[in-house]
Structure formats: structure tokens, C-alpha cells
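Asker: Residue numbers (the working numbering): 100 to 498. Submitted below is the structure of interest, expressed as C-alpha cells.
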Amino acid sequence: MKRLYDFAIVGGGIVGLSTGMALTKRFPGKKIIVIEKESALAEHQTGHNSGVIHSGIYYKPGSFKAKFARAGSESMVRFCEEHAIEHEICGKVIVATKPEELPLLENLYKRGLENGLAIEKIGPDRLKEIEPHVAGLQAIRVPAAGIVNYKQVCQMYGRIITLGGGEISLGERVLAIRKNASNVEIETRQGVVQTKFVINCAGLHSDRVARMDNVADDLKIVPFRGEYYEIRPERRHLVKHLIYPVPNPNFPFLGVHYTRMIGGHVEAGPNAVLAFKREGYRKRDFSLRDLGEVLMYPGFWKLSSRYWREGLEEMQRSVSKAAFVKSLQQLIPEIHERDLVAAPAGVRAQALKADGSLVDDFHLIPGDRSIHVCNAPSPAATASIEIGEHIARAIGLAG
């Protein structure tokens, strides 16, 4: 039996599902399929993130991240309200704890204003009113930040796709992509899917899927594991909302921070260390292929030579709970090792160029009857509705 579709999406994470939802709405009557290799949706990056609805303060003005995060946070809140998905706009503070961080905080404040955010610069007294246990010299209050369970969001995206006539195929791994004059053929372990257009939203494997389509040879996905601790219930009162440090502007990670999750528990983290497997959520997880590809890639060694000090600090936080806690104590001095228990880790798919530079923005590459989402780390979950609609518009303009 032939499996013929107008649009095929590879990847059942939040970006793939939001794209499927957008295509279902924009092209009613067209046949759409989402192909996911796991037995459930949102099993990887989406299902292992911290659940934050980001405001867009961190991102370069004019970038996709800045535009899509700001609009996406509003879209996400509306979506959650419309579909009765539990969420909370709890706000965030970004805290400078050292004098040398004050200029960086000021730059971040200016960036937030340039991105059109309603934010407030506050001193120690006002900070204590918001977060009584936080020690800081100055902070930025971001009222629009919030929390949600993105797996629940994904389930609703999937439901909208199927109600709109689309299909979701679970447990189907893509092996190859071939093209002829009339169709794109996607070979999977279950057979062949024929489609007019393919959208690659494969996350941790997006570069490999792109190369099946002869696209993105100069990029490599490098997996960074982010490790978390959970604060014991009797110490959760130390964290009221979301508490972040001032990030290193040269690095795409936000630093270890505190997140009060939907459900009331509080997580601390993540760090960012090289994972030895693309889906390596445990320290002992290892793939010779995955690690070998990273170590053979010239861009990795150029990146390592540039950021070896930061890399060593991240590794120290991975192997030493005391070092992890020391970073957390800069924000909340009262936190101690005994207050924390290990929590599940996540893995971030970060695109790296051959020159050793990290791809900072969302990166979508057009191909022949295809679009490849080759870099969509945080804030992609927040911005997922905007990303999906952007892809659907691009296909509409091309078609």
C-alpha cells in the first residue's frame, strides 16, 4: 500500500508538532504526517527541559530568537488558556552577585528594552521583597516569564493535528531520503513514505537527516548534557519563582539557575557538558559513533581551544556536587548539598560550525522540496507556535 502525503515532518518534538499543527491549519485538506522514531511524542529535548516560558530578554535584537520568543511567549500563554493547560506567569529575576557582573546586567537590560519587553531594574531591597533568600547587588525583574509542562502542550498539538486529518506515526525511524521528479521518498524501517515536501525537525539528529537530503554538510550537532538537582520539599521555600544568574555573553547557556516547576517542585541547574551520546542522559551513556563524529569534527577542537576554561568549570560541576552547589550559593547562600537530590538530565542539540563558532540563532535551511530546522535549542519550546507558523508561511510562499 502506497503512503502518499503532501507534507511529511520528521520529528515528533515540540517544533515538529507545532509545524504539523500550523500546516494543518494553513492547508486544510492536505495530507500531513509526523514521523517519530520513539514510541511516544516529545521524548527528548522537549520532554527534558525546564518548562520555562521565556520572554526574549537574552537574544540579539532582530534575531529569530528575539522575535519568536517574545511573540511566542504570548502565543503560548493564549494557547494554554484556550486549551486549559496548566501554566503560571510567575516572573523571573536575573541577578548580578559580583561587581564585574553589573555592566553585563546593564547590557542585558538595554537588550530587553530594545526587544520591547516590560522589564524593571531593581536593587537589593526590592529583590528581597520578591525573593527573600537571594543575595544580589542588582537584578532585572522580568514579569512575563512563566512555567508550563511542554509535554502537555505537545499532546495538545498532536491532538489538533489528528483532529485536522493529519497522521502521527510513532516508532518509525527514518533511514534515507531520495527524490525523483514527482515526489520525495522517505525510507523508514516500516517502508516508504512518499511526499511532496519534507520538513526536518529531528532535533538531536537534524544534521544527519539534513545530510540525507544533501544539506548542511558544514554543520554538526554537538550534544550538551544539562544536569539538574531537585530541592528537597522542606527547602522549596527558598525559591519563590525563577532565579537566574547573569549569563556569560560568549556562551549560549544561561548558567545554573532555580526553576519552580508546574506541580510545585523546584529544580536547580543545568550545567552544560559534552554528552558522549546524542541521547546520553546519564553520565555512563556512550556511543562510539556519536562521540567519534564530534571528536573528528574540526569545529569541536576550535571551540574547545577557545572555551577550555568554561568547559573545565562545567565538567567540575558535573563530577562534583560541591562545585555545583557553590555556583548555586552565589544566588542563594542558604542552599547546601544536603538540600539537593539528583534529578533527570536533559540533552541540548547545539549546532556547531566548522570554524568553531556556535550557531546562536534558530537556523532553518531550505532545500529542494524541503526545509531543515538545524538549530532550535532554547527558547524553541516557548517560540514553537511562531516557528511552526513561520515554516508554514515559507512553504506557502514557495508553493
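Positions of the beta carbon are idealized from the N, C-alpha and C atoms, including for glycine. On a predicted model such as this, the values are computed, not experimentally measured, just so you know.
First and last residue of the alpha helix (DSSP H) that includes L122?
Answerer: Unbroken alpha helix (DSSP H) run through L122: 113-125.
Asker: In terms of DSSP beta bridges, what is F296 paired with?
Answerer: Answer is F106.
Asker: P344 lies in the beta strand (DSSP E); which residues open and close that run?
Answerer: Here the beta strand (DSSP E) through P344 covers 341-344.
Asker: Three Cβ pairs or more, each shorter than 8 Å: is that satisfied between the region 102-120 and the region 287-296?
Answerer: Result yes; three or more Cβ-Cβ pairs closer than 8 Å.
Asker: Would you give the residue range spanned by the beta strand (DSSP E) that L439 belongs to?
Answerer: Per DSSP, L439 belongs to the beta strand (DSSP E) from 439-452.
Asker: Output needed for A491: all residues of its chain with C-beta closer than 6 Å, excluding positions within five of it in sequence on either side, in chain order.
Answerer: Contacts found: A121, L122, R125.
Asker: Counting only the same chain and skipping the five closest in sequence on each side, list residues whose C-beta sits under 6 Å from that of H435.
Answerer: Closer than 6 Å at the Cβ level, and outside the excluded window around H435, lies no residue.
Asker: Nearest to N313 by alpha carbon, out of A238, K227, Y396, K278?
Answerer: For N313, the nearest C-alpha among the options comes from K278.
Asker: So, A371 versus E433, is the Cβ gap smaller than 9 Å?
Answerer: For A371 and E433, no; Cβs fall outside 9 Å.
Asker: Using C-beta distances below 6 Å, list every residue in its chain close to A374, excluding the 5 sequence neighbours before and after it, in chain order.
Answerer: Excluding residues within five positions, the ones whose Cβ falls inside 6 Å are P322, R324, V446.
Asker: Flag K130 as yes when its Cβ comes closer than 8 Å to any non-hydrogen atom of the ligand COA, and as no otherwise.
Answerer: For the ligand COA, the structure offers nothing, since it holds no ligand at all.
Asker: Less than 9 Å between the beta carbons of G146 and G487, yes or no?
Answerer: No, the pair does not count as a contact, with Cβ atoms beyond the cut-off.
Asker: Cβ of R331 within 9 Å of Cβ of G363?
Answerer: No, the Cβ-Cβ distance between R331 and G363 is not below 9 Å.
Asker: Run through the DSSP bridge pairs and tell me what R240 is partnered with.
Answerer: Paired residue(s): V192, E219.
Asker: Quick one: what's R359 bridged to in DSSP?
Answerer: Answer is V365, bridged to R359.
Asker: Pull up the distance between the alpha-carbon of N474 and that of A107, whole angstroms please.
Answerer: Whole-angstrom Cα-Cα distance: 19 Å.
Asker: Check whether the region 190-202 and the region 398-407 touch, using three or more Cβ-Cβ pairs below 8 Å as the test.
Answerer: Contact fails: fewer than three Cβ-Cβ distances are below 8 Å.
Asker: Between I221 and A244, which are expected to be in contact by the criterion C-beta below 8 Å, what is the C-beta distance as a whole number of angstroms?
Answerer: In fact, because the Cβ distance is near 15 Å, the residues do not count as touching under 8 Å.
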